[in-house]
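Note that UniProt numbering numbers the sequence shown so that position 50 is 50, with each residue one more than the last. For reference, the structure discussed in these notes is given below.
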Amino acid sequence: MVQFVKLRLSGFKSFVEPTELLIEPGTTAIVGPNGCGKSNLVEALRWVMGETSAKRLRGGEMEDVIFGGTATRPARSLAEVTITLDNADRLAPVAFNDQDLLEVSRRIERDRGSLYRINGREVRARDVQLLFADAASGAQSTAIVSQGRVGALINARPGDRRHLLEEAAGITGLHSRRHEAELR
Ligand code: ATP
Ligand code: MG
Numbered sequence: 001m002v003q004f005v006k007l008r009l010s011g012f013k014s015f016v017e018p019t020e021l022l023i024e025p026g027t028t029a030i031v032g033p034n035g036c037g038k039s040n041l042v043e044a045l046r047w048v049m050g051e052t053s054a055k056r057l058r059g060g061e062m063e064d065v066i067f068g069g070t071a072t073r074p075a076r077s078l079a080e081v082t083i084t085l086d087n088a089d090r091l092a093p094v095a096f097n098d099q100d101l102l103e104v105s106r107r108i109e110r111d112r113g114s115l116y117r118i119n120g121r122e123v124r125a126r127d128v129q130l131l132f133a134d135a136a137s138g139a140q141s142t143a144i145v146s147q148g149r150v151g152a153l154i155n156a157r158p159g160d161r162r163h164l165l166e167e168a169a170g171i172t173g174l175h176s177r178r179h180e181a182e183l184r
């Protein structure tokens, strides 16, 4: 799959100031005190990959990902997250596969919704979701298990569990592609 290289956030949840995080090969953990933003980082990753559910990002509506202000800092009006991917192995979908690095970004402004870009080119949410569906690493992937979701996995209904197994086997992306093909 394409490798994650760098995550940039600005105005996303508690990351009000522009923040850059290098994702070195072999990174296995983010550590820090309670409330420092560990889960927010993982949610930023999931959000830029095309998450559509505000609830899965612990919010009521999608705009809740924008920094909401504190006693000392005013709220922001937009949030932006960019993930840089290494495409040296040429595993990205054909439309983007001549590029060594892919920069996928998502931006949300209050009352304006989300805007996605791949290497500066405006794309649909679906394009971003498919890019990551192929890599079996998408926003809904079993590779990302939120805090408190372990119990839900254990108690999943058989149909839901099958979906999880399909994802773990890496064939959900193929289902998405087949569905897209049928629509055309
Ligand atoms: P834990 O170890 O308890 O799991 P954590 O490191 O995962 O903690 P997060 O849940 O990522 O912490 O961060 C929580 C902090 O982010 C809280 O202080 C919360 O107020 C802040 N936060 C979340 N959303 C926003 C927002 N939209 N605007 C401002 N701050 C926010
Ligand atoms: Mg947490």
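Yeah, the Cβ is synthetic: ideal placement off N, Cα and C, and Gly gets one too.
Compare the Cα-Cα distances from residue i to each of the options and report the closest residue.
i	options	result
GLY11	ARG110, VAL5, ALA54	ARG110
ALA169	ARG58, ARG126, ALA75, ALA133	ALA133
ASP98	ASN119, LEU7, LYS13	ASN119
GLN63	THR70, ALA54, ALA71	One point to set straight first is that residue 63 is Glu, not Gln, in the sequence displayed. Residue ALA54 is the option with its Cα nearest to GLU63.
LEU7	VAL42, LEU130, ALA92	VAL42
GLU24	TRP47, THR84, GLU122, LEU102	THR84
ALA29	ARG161, LEU153, PRO18, ILE144	ILE144
PRO18	ASN87, ARG121, ALA44	ALA44
ASP86	ARG117, ARG162, LEU102, ARG161	LEU102
VAL2	ASN34, VAL31, LEU9, ASP89	ASP89
THR93	ASP127, ARG121, VAL65	The displayed chain sequence assigns Pro, not Thr, to residue 93. Closest option to PRO93, Cα to Cα, is ASP127.
ALA95	GLN147, ARG121, LEU9	ARG121
Bridge partners of residue i, per DSSP?
i	result
ASP86	GLN3, LEU101
PHE12	PHE15, ILE66
GLU80	SER10, ARG107
GLY113	GLU109
LEU22	LYS6
residue 189	Look at the range of the chain in this structure, 1 to 184, and you will see that residue 189 is not part of it.
Could you check whether residue j and residue i sit closer than 8 Å to each other, using their CB atoms as the reference points?
i	j	result
LEU76	PHE67	According to the sequence provided, residue 76 is Arg. The question's Leu does not apply to it. Taking 8 Å as the Cβ cut-off, ARG76 and PHE67 qualify as a contacting pair.
SER114	ARG106	yes
ILE108	LEU78	yes
LEU165	ALA156	no
VAL48	THR82	yes
GLN129	GLY59	no
GLY37	PHE15	yes
LYS13	ASN40	yes
Item to check | For ligand 1, residues whose Cβ lies under 5 Å from any non-hydrogen atom | outcome: LYS13, SER14, ASN34, GLY35, CYS36, GLY37, LYS38, SER39, ASN40, PHE67, GLY68
Next on the checklist: Which complete alpha helix (DSSP H) runs does the stretch 28 to 60 hold, if anything under 4 residues is left out?
Outcome noted: 38 to 48
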